[in-house]
Every structure is written in C-alpha cells, then in structure tokens.
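To convert, take the position in the sequence shown, counting from 1, and add 235; that gives my numbering. For every residue, glycine included, the Cβ atom is placed at its ideal position computed from N, Cα and C. Note that the structure is a prediction, hence the values are computed from the model and not measured. Structure record follows, encoded as structure tokens.
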Amino acid sequence: MAFGDTTNDHTMLEPSGVGVCLKNGSDDTKAIADIITDYPCDEDGWARFMEMYAE
C-alpha cells in the first residue's frame with residue numbers, strides 16, 4: 236500500500252499493490268489509484284483512512 240497525491244507519486248503507487256490517492260490529489264493520480272480517500276491532506280486524510288482501514 237502506498238499513498239500519493241501528485242504525478243511524481245505514480246512510480247510508487249503503480250507497483251504498490253494498493254495505490255491510495257488523497258481526496259485533493261491531482262486528477263491523473265486519482266485515475267491510477269485503487270482508492271481515493273474521503274478527506275484531503277489538510278484534513279488528515281491519510282490518518283483518517285488508516286483508522287478506517289485498520290477496523
């Protein structure tokens with residue numbers, strides 16, 4: 236699992252198995268992501284996703 240929000244993250248997201256893009260990510264990154272979070276980075280999108288995922 237890898238998290239990213241912009242084009243420079245594609246090389247990490249694509250081979251990760253599960254690519255997660257934050258809600259405020261770029262459109263091209265959302266297009267390759269397996270999951271898009273419900274919250275953007277400035278609303279703790281990563282942490283909120285991990286809390287939900289761990290349940």
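Cβ neighbour criterion (16 or more within 10 Å) applied to Gly252: Along the sequence shown, one-based indexing puts residue 252 at 17. Gly252 should be labelled exposed.
Does DSSP put Gly254 in a helix, a strand or coil? Residue 254 sits at position 19 when you count from the first residue of the sequence shown. It is a strand residue.
Helix, strand or coil: which one does DSSP assign to Gly280? Your numbering for residue 280 matches position 45 in the sequence shown. Helix, per DSSP.
Between which two residues does the beta strand (DSSP E) harbouring Ala268 extend? Taking the first residue of the sequence shown as position 1, residue 268 is located at position 33. Run containing Ala268: none; DSSP gives neither H nor E here.
Do Thr241 and Thr264 come within 7 Å of each other at the CB atom, strictly closer than that value? For the purposes of this step, residue 264 is taken as residue 29 along the sequence shown, with counting starting at 1. For the purposes of this step, residue 241 is taken as residue 6 along the sequence shown, with counting starting at 1. The answer is yes: Cβ separation under 7 Å.
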